[in-house]
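>
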Amino acid sequence: MQHKPTFILFENGFQVYGFTNKVFTSSTWVIENQTSKEVVVIDPGDSATNIVNQLHSASTGKISAIILTHEHFDHCSGVNYLSELYPLSLIATDDCHKNIAIPGRNHSLYYDGLETFSIKHPAPIIIENETSIKAAGISFTFIPTPGHTPGSLCIMAGNAVFTGDTFMENTPTPLKFHNSNRQLYNKSIQRLKEVLKPGTAVFPGHGDAFTYKEGMI
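Following the working numbering, the numbering of the sequence shown begins with 23 at its first residue and continues without gaps.
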């Protein structure tokens, strides 16, 4: 399991580090409030046990929340494991929350290398429109970005953005799934163009972090 570099975002009071999952080399991002030591995990995949080991070895506090950028299994297969260990919140769009509960919609049903699963969190925080919510003492702004999947979501925190599979460096977003929608994707990308500023740190759903430059989208 590859451990990604640590990015210290001093002006926002949090640090980000990540893991590369074995399945489809998706990226899991861990955001730690450097004051409270609380943690938010974005897209926990099969690296969930490594995340827990890292937190224990660093004597870091609890995981306060999981945020999902979308419903595909390589981005959410660790939710159940972490939810059993921590009394955490699950933050996702309504479509994402509905689809992770159905193996055929989270696509774990069709992948032989992973046990089929469903996720049913008892009290999820549902994102319906652009909104801001605090988790682990960090202010997050949520931007629904349907297209890759109906439940896709981008998350902004200070000068960082977590884009899932909506925006990746040098990698086109897959739009060939049965519920992908190119028209909605184009609208979502246009919205990202409006809100992203040059110099923003981008943490994608696959690959390493990179710095956003004008014209990349």
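Think of the CB as a built atom: it goes at the ideal place given N, C-alpha and C, for glycine as much as any other residue.
Would you kindly check if the distance between the Cβ of Asn-121 and the Cβ of Gly-186 is under 8 Å?
Start at 1 with the first residue of the sequence shown, and residue 186 comes out as number 164. Start at 1 with the first residue of the sequence shown, and residue 121 comes out as number 99. Not closer than 8 Å, so no.
> Taking Ala-6 and Val-62 to be in contact with their CB atoms under 8 Å, please state how far apart those CB atoms are, rounded to whole angstroms.
For the chain, the structure presents residues 23 to 239; residue 6 sits outside this window and is missing.
> What residues in its chain sit with their C-beta under 7 Å from that of Asn-43, if we drop five residues either side in the sequence?
Here the question's residue 43 lines up with position 21 in the sequence shown. These residues qualify, in order along the chain: Thr-50, Gly-67, Asp-68, Ser-69, Asp-96.
> DSSP on Gln-37, reduced to helix/strand/coil?
By 1-based counting over the sequence shown, the position of residue 37 is 15. In the structure shown, Gln-37 sits in a strand (DSSP, three-state: E or B).
> Label Gly-221 either buried or exposed according to how many other C-beta atoms from any shown protein chain fall within 10 Å of its C-beta, with 16 as the threshold for buried.
Reading the sequence shown from its first residue, position 199 is the one you call residue 221. Exposed.
> Just list the beta strand (DSSP E) runs in the region 85-111, keeping only unbroken ones of 3 residues or longer that don't cross its boundaries, in chain order.
Here the runs fully enclosed are 85-89.
> Give every residue of the same chain whose Cβ lies closer than 8 Å to the Cβ of Pro-146, excluding the five residues on either side of it in the sequence, and list them in chain order.
Start at 1 with the first residue of the sequence shown, and residue 146 comes out as number 124. Contacts found: Ser-111, Leu-112, Ile-113, Ala-114, His-119.
> Using CA atoms only, rank isn't needed, just tell me which of Thr-195, Leu-90, His-78 is closest to Ile-177.
By one-based count along the sequence shown, residue 177 stands at place 155. Minimum Cα distance to Ile-177 is reached at Leu-90.
> Using the C-alpha atoms, what's the distance from Asn-203 back to Ser-58?
As a first step, residue 58 is located in the sequence shown; it is residue number 36 there, counting from the start. As a first step, residue 203 is located in the sequence shown; it is residue number 181 there, counting from the start. So the two alpha carbons sit approximately 40 Å from each other.
> For Gly-186, which beta-bridge partners are listed by DSSP?
One-based indexing of the sequence shown puts residue 186 at position 164. Bridge partners of Gly-186: Pro-226.
> Could you name the residues that DSSP lists as bridge partners for Thr-171?
The residue labelled residue 171 in the question sits at position 149 within the sequence shown. Answer is none; Thr-171 lacks a bridge partner.
> Given a cut-off of 8 Å on the beta-carbon distance, is the pair Leu-197 and His-228 in contact?
The residue you call residue 197 lines up with position 175 of the sequence shown. The residue you call residue 228 lines up with position 206 of the sequence shown. Cβ atoms of Leu-197 and His-228: not closer than 8 Å.
> Where do the ends of the alpha helix (DSSP H) carrying Val-61 lie?
On the sequence shown, position 39 is the one that residue 61 refers to. First-last for Val-61: 61-64, but that is the beta strand (DSSP E), not the alpha helix (DSSP H).
> By how many angstroms is the C-alpha of Ile-155 removed from the C-alpha of Ala-223?
Numbered from its first residue, the sequence shown carries residue 223 at position 201. Numbered from its first residue, the sequence shown carries residue 155 at position 133. Distance between the alpha carbons of Ala-223 and Ile-155 is about 20 Å.
> Where do the ends of the alpha helix (DSSP H) carrying Glu-150 lie?
Along the sequence shown, one-based indexing puts residue 150 at 128. Segment: none, Glu-150 is in no alpha helix (DSSP H) and carries neither H nor E.
> Kindly indicate the opening and closing residues of the alpha helix (DSSP H) around Glu-216.
For the purposes of this step, residue 216 is taken as residue 194 along the sequence shown, with counting starting at 1. Residues 204-217.
> Could you tell me how far apart the beta carbons of Val-164 and Ile-64 are, in whole angstroms, since I believe they sit closer than 8 Å?
Sequence index remark: in the sequence shown, residue 164 carries index 142 (1-based). Sequence index remark: in the sequence shown, residue 64 carries index 42 (1-based). One point to set straight first is that residue 164 is Phe, not Val, in the sequence displayed. 12 Å between Cβ atoms; not a contact.
> Grab the span of the alpha helix (DSSP H) containing Thr-71 for me, first residue to last.
Residue numbering aside, residue 71 sits at position 49 when the sequence shown is read from its first letter. Note, Thr-71: alpha helix (DSSP H), 70-79.
> Strictly under 8 Å for the Cβ-Cβ distance: is Asn-43 near chain C by that measure?
Chain labels in this structure do not include chain C; a single protein chain is all it has.
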